[in-house]
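Numbering (the numbering used here), first residue to last: 179 to 505. C-beta: ideal position from N, C-alpha, C; glycine also. Since the structure comes first, as structure tokens, the remarks are kept for the end.
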């Protein structure tokens with residue numbers, strides 16, 4: 179595969195004020211056109227990835243967060259129209275804007291390309307000012323879509339994934355683990371005596387406790403893991419589980435650090451809280467629902483047996499092991 183060339187980085191602010199890097203994938207079997215576009219876009223601060231055929235382009239698209247795809251219509255391995263179709267099939271939230279380059283002005287051909295997922299056309303030979311205009315339009319559109327997607331996927335209070343988005347990601351991770359033969363674990367967290375926190379300190383301070391926990395937990399999510407709020411005071415973490423000890427150590431670190439947190443109220447009075455955890459590996463489970471049900475069973479045992487502890491859902495009885503309980 180041709181090496182990826184990265185220089186100046188184009189940035190724009192989304193509607194939430196976050197700075198987002200703009201990455202553009204250019205696919206063309208002509209070295210002349212690839213270099214022409216790369217030089218032009220890099221001179222205006224964009225990050226550019228190059229592919230010399232549709233197959234390379236699709237591989238780059240799948241391994242990078244691509245904002246804009248600029249592709250020639252006719253290429254070896256995979257045509258630009260086929261590439262647009264694959265991008266749109268994988269991008270149901272329209273996070274990527276596709277520009278198809280062609281010297282063919284036939285209306286029927288363009289309609290076919292739009293139906294395949296192309297967003298815009300660019301005529302060859304390339305008009306560079308028009309290229310920049312198309313790219314700026316693509317930035318505006320993908321920026322808007324990405325903000326909307328983020329809002330739809332995020333829990334408004336804590337900033338972690340909401341229940342719907344977490345479950346979608348968990349389904350994907352579970353299928354991937356089955357296909358690759360790898361293993362994952364889920365840990366369900368429930369803040370102990372949360373009703374008492376609300377009753378004693380008020381719902382506003384209860385919300386602060388939820389935010390503090392979410393921030394603390396999110397900071398300890400390992401690579402490949404993700405965190406979501408299932409509702410109320412209940413959260414769930416999916417993490418890669420190469421072995422049982424590493425999964426236990428990760429969630430125990432979260433449990434201990436949670437107990438060390440302190441929430442300061444407006445009156446200056448602080449309070450702390452603890453969390454109970456139910457952990458389950460995906461081994462011997464038959465579905466995501468089965469996995470979550472077992473983790474929830476372990477969480478229920480953690481709450482009933484004294485709280486502020488981690489319970490592992492296993493195949494054998496309950497074995498006390500330091501702070502760990504194995505079901």
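Exercise. With distances taken from CA atoms, which of 382, 299, 269, 252 is nearest residue 239?
Worked result: Nearest of 382, 299, 269, 252 to residue 239, Cα basis: 269.
Problem set entry | Buried/exposed call for residue 187, threshold 16 Cβ in 10 Å | Here the model assigns residue 187 a pLDDT of 40, short of 50, so the residue's position is not dependable and the matter cannot be decided.
For this session: Could you pull out every residue in the same chain whose Cβ sits closer than 8 angstroms to the Cβ of residue 184, ignoring the five residues on either side in sequence?
Result: For residue 184, the pLDDT reaches just 35, beneath the cut-off of 50, and the residue's location in the model is therefore unreliable, although a value from the coordinates is still provided. Within its own chain, the residues whose Cβ lies closer than 8 angstroms to the Cβ of residue 184, once the five positions on either side in sequence are excluded, are 225, 226, 227, listed in chain order.
Problem set entry | Buried/exposed call for residue 464, threshold 16 Cβ in 10 Å | Within 10 angstroms of the beta-carbon of residue 464 lie fewer than 16 other beta-carbons, which makes it exposed.
Exercise. Does the region 456 to 476 come close enough to the region 381 to 394 that 3 or more CB-CB pairs lie under 8 angstroms?
Worked result: Contact annotation: the region 381 to 394 does not touch the region 456 to 476, with fewer than three C-beta pairs closer than 8 angstroms.
For this session: Please determine, among 484, 412, 348, 488, the residue with the shortest C-alpha to C-alpha distance to residue 423.
Result: Checking every option, the nearest Cα to that of residue 423 belongs to 488.
Problem set entry | Through-space distance from residue 210 to residue 271, alpha-carbon basis | Going by C-alpha positions, residue 271 is about 33 angstroms away from residue 210.
For this session: With DSSP as the reference, please indicate the residues paired to residue 247 in a beta bridge.
Result: DSSP, once it has assigned bridges, lists 203, 276 as partnering residue 247.
Problem set entry | Integer-rounded CB distance, given that residue 368 should sit under 8 angstroms from residue 453 | Going by Cβ atoms, the distance from residue 453 to residue 368 rounds to 7 angstroms, so yes, they are a contact pair.
Exercise. Using the C-alpha atoms, what's the distance from residue 419 back to residue 511?
Worked result: Absent from the structure is residue 511, since the part of the chain shown begins at 179 and ends at 505.
Exercise. Which one of 382, 262, 373 has the shortest CA to CA distance from residue 336?
Worked result: In this structure, 382 is the residue among 382, 262, 373 with its C-alpha nearest to the C-alpha of residue 336.
Exercise. Can you tell which of 445, 442, 446, 450 has the C-alpha that lies nearest to the C-alpha of residue 435?
Worked result: Of all alpha-carbon atoms in 445, 442, 446, 450, the one lying nearest the alpha-carbon of residue 435 is that of 450.
Exercise. With C-beta atoms as the reference, is residue 459 less than 8 angstroms away from residue 425?
Worked result: Yes. Within cutoff.
Problem set entry | Euclidean distance between Cα positions of residue 291 and residue 412 | CA-CA distance, residue 291 to residue 412, rounds to 46 angstroms.
For this session: Compare the Cα-Cα distances from residue 332 to each of 322, 343, 323, 324 and report the closest residue.
Result: The residue with the shortest Cα to Cα distance from residue 332 is 343.
For this session: Confirm, please, whether the CB-CB distance from residue 366 to residue 474 is below 8 angstroms.
Result: Cβ atoms of residue 474 and residue 366: closer than 8 angstroms.
Exercise. At which residue ranges does the region 410 to 439 contain complete alpha helix (DSSP H) runs of 4 or more residues, listed in the order of the chain?
Worked result: Within the region 410 to 439, the alpha helix (DSSP H) runs of at least 4 residues that lie entirely inside it are, in chain order, 422 to 437.
For this session: Give the DSSP bridge partners of residue 299, in chain order.
Result: Looking at the DSSP assignment, residue 299 forms a beta bridge with 278.
Exercise. DSSP puts residue 456 in a beta bridge; with which residues?
Worked result: By DSSP's assignment, residue 456 forms a beta bridge with 366, 489.
For this session: Use the C-beta contact count for residue 379: other C-beta atoms within 10 angstroms, 16 or more gives buried, fewer gives exposed.
Result: For residue 379, the number of other beta carbons within 10 angstroms of its own is at least 16, and it is reported as buried.
Exercise. What does a CB cutoff of less than 7 angstroms around residue 396 pick up in its chain, not counting 5 residues either side in sequence?
Worked result: Result list for residue 396: 338, 405, in chain order.
Exercise. Per DSSP, what kind of secondary structure is residue 404 in: helix, strand or coil?
Worked result: Note: residue 404 maps to strand in three-state DSSP.
Problem set entry | Supposed close pair residue 207, residue 231 - CB separation, criterion 8 angstroms | The C-beta distance from residue 207 to residue 231 rounds to 6 angstroms, short enough to meet the 8 angstroms contact threshold.
Problem set entry | Range covered by the beta strand (DSSP E) that runs through residue 225 | Judged by DSSP secondary structure, residue 225 falls within the beta strand (DSSP E) whose first and last residues are 225 to 229.
Problem set entry | Between the CA atoms of residue 482 and residue 323 - distance to the nearest angstrom | About 44 angstroms.
Problem set entry | Which listed residue (439, 446, 237, 312) has its alpha carbon closest to that of residue 215 | Per the Cα distances, 312.
Exercise. With a CB to CB cut of under 8 angstroms and the five nearest residues on each side skipped, what residues in its chain are close to residue 377?
Worked result: Excluding residues up to 5 positions away in sequence, nothing lies with its Cβ nearer than 8 angstroms to the Cβ of residue 377 in the same chain.
Exercise. With a Cβ-Cβ cutoff of 8 angstroms, do residue 358 and residue 245 count as a contact?
Worked result: In this structure, residue 245 does not lie closer than 8 angstroms to residue 358 by Cβ.
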